[in-house]
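Here's the structure, in structure tokens; my notes come after.
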Amino acid sequence: MWMAVLLAGCAAPSPAPSTLTVPRSLQEAVVIDVDDGDSLTVEIGGTVERVRLLGINAPELDECWGTEARAALAPTDGRTVGLEFDVSERDQFGRLLAHVWVDGTLVNLELVANGSAFVNLIPPDTAHGPDLRAAQDTARTNGVGVWAPCGDEAPAGVVIAGIDANPPGPDEDHLDEESITIANVGSAPVSLGGFMVRDASTVHRYVLPASVTLDPGAEVRIVTGCGTDTETTLHWCAAGPVWNNDGDTALVLTEAGTVAAYFTYGP
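Plus 1094 on top of the position in the sequence shown (first one is 1) and you've got the numbering used here.
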């Protein structure tokens, strides 16, 4: 039976739920390369295709846990796998979008359960969403993989107080109304200089200025649009909307990459 592998010395993996039924209709493919922690190169009937695993997002290879995430997917190399498709066929890079099965195990789910990937559900491709969420909750509670400290400890009291993802009107015309709010619910001041705020896709990233410190009970709002920063409002100045209207995940990471705060909404 295929099992995701964590490197020696890492925390023990959380077991993936075993209640899933393997779909009857799977596209058979042979893995010829493991690109990173959430994408494969496969051969399907003589055609080479790149496959992006649905519902998850692993750290990039140069990020905390990126090498370990690729190692967790590496046992699929050379294996015959079954591809389960959802609603969308391909992503913007032309990669096939699929859930990957090996020996009755849903690999996407196993990677989340082992802390090798974050859940990243993008409608309409949300099959297995509840199972992925449950596996992530367990991995986060157990502090495994991406949920473990990465070279430093996360400060106590940092939370994401909320996200205003869908202001009235076309999103691209109201970037000054889309925002995320970070708060300090602890009992001591917290310096957030150099911390990163990012979405589940890792496409959108914002590094907080060195001057940002939150006193107990204080909060700072990060607006997607451009503007003049103040002590309580910062401006991402992104080229377009950051937060998906129908569901997304936000992370606050320390400079070393440890998860300091996590917030999710949607499916």
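Glycine included, every Cβ here is placed at the ideal spot set by N, Cα and C.
query                                                                                                                                                                         : result
With a CB to CB cut of under 7 Å and the five nearest residues on each side skipped, what residues in its chain are close to P1361?                                           : L1215, P1217, T1220, G1223, G1341
Flag this pair as touching only if the segment 1139-1146 and the segment 1155-1163 have three or more C-beta atom pairs under 8 Å; answer yes or no.                          : no
In the DSSP assignment, the beta strand (DSSP E) including L1203 goes from what residue to what residue?                                                                      : Where L1203 is concerned, there is no enclosing beta strand (DSSP E), although the alpha helix (DSSP H) it sits in stretches over 1201-1207.
Assuming A1152 and A1211 form a contact by the criterion Cβ under 8 Å, report the distance between their Cβ atoms to the nearest whole angstrom.                              : 4 Å
Can you give the beta carbon distance from G1239 to N1202, rounded, assuming they're within the 8 Å contact cut?                                                              : That belief does not hold up - the Cβ atoms of G1239 and N1202 are roughly 14 Å apart, past 8 Å.
So, using beta-carbon positions, are V1317 and S1273 closer together than 7 Å?                                                                                                : yes
Count the other C-beta atoms from every protein chain shown that fall within 10 angstroms of the C-beta of C1320, then say buried if there are 16 or more, exposed otherwise. : exposed
Beta-carbon within less than 8 Å of P1261's beta-carbon, same chain only, minus the 5 sequence neighbours each way: which residues are those?                                 : H1268, E1271, E1272
List, from N- to C-terminal side, the alpha helix (DSSP H) runs of 4 residues or more that fit wholly inside the segment 1214-1292.                                           : 1223-1236
For the alpha helix (DSSP H) containing T1161, name the first residue and the last one.                                                                                       : 1160-1167
Can the beta-carbon of L1205 be found closer than 7 Å to that of I1150?                                                                                                       : yes
Helix, strand or coil, according to DSSP, for T1343 in the structure here?                                                                                                    : strand
Nearest to Y1356 by alpha carbon, out of L1120, T1343, T1115, T1135?                                                                                                          : T1343
To the nearest angstrom, report how far apart P1109 and D1258 are at their CA atoms.                                                                                          : Since pLDDT at P1109 reaches only 44, below the 50 mark, its modelled position is unreliable, and the value read off the structure follows with that caveat. Each residue's Cα considered, the two are about 34 Å apart.
Nearest to G1237 by CA position, among A1354, L1226, T1326, L1114, is which residue?                                                                                          : A1354
Closer than 7 Å by C-beta to G1053: which residues in its own chain qualify, once you throw out the five before and the five after it? Chain order, please.                   : Given that the chain is displayed from residue 1095 to residue 1361, the structure contains no residue 1053 and the question cannot be resolved.
Does DSSP classify T1141 as helix, strand or coil?                                                                                                                            : strand
Would you kindly check if the distance between the Cβ of G1131 and the Cβ of R1173 is under 7 Å?                                                                              : no
Roughly how many angstroms separate the alpha carbons of V1136 and A1304, rounded to a whole number?                                                                          : 44 Å
Give me the residue from T1235, L1308, M1290, L1177 with the minimum Cα distance to T1199.                                                                                    : L1177
Please classify L1286 as buried or exposed, where buried requires at least 16 neighbouring CB atoms within 10 angstroms.                                                      : buried
Per DSSP, what kind of secondary structure is T1174 in: helix, strand or coil?                                                                                                : strand
State the DSSP-derived secondary structure class of R1118, mapped to helix, strand or coil.                                                                                   : coil
List the residues that DSSP assigns as beta-bridge partners of D1127.                                                                                                         : T1135
Name the one or two DSSP bridge partners that H1193 has.                                                                                                                      : E1178
Per DSSP, L1147 forms a beta bridge with which residues?                                                                                                                      : A1192
Exposed or buried, what is A1333 when buried is set at 16 or more other beta-carbons lying within 10 Å of its beta-carbon?                                                    : exposed
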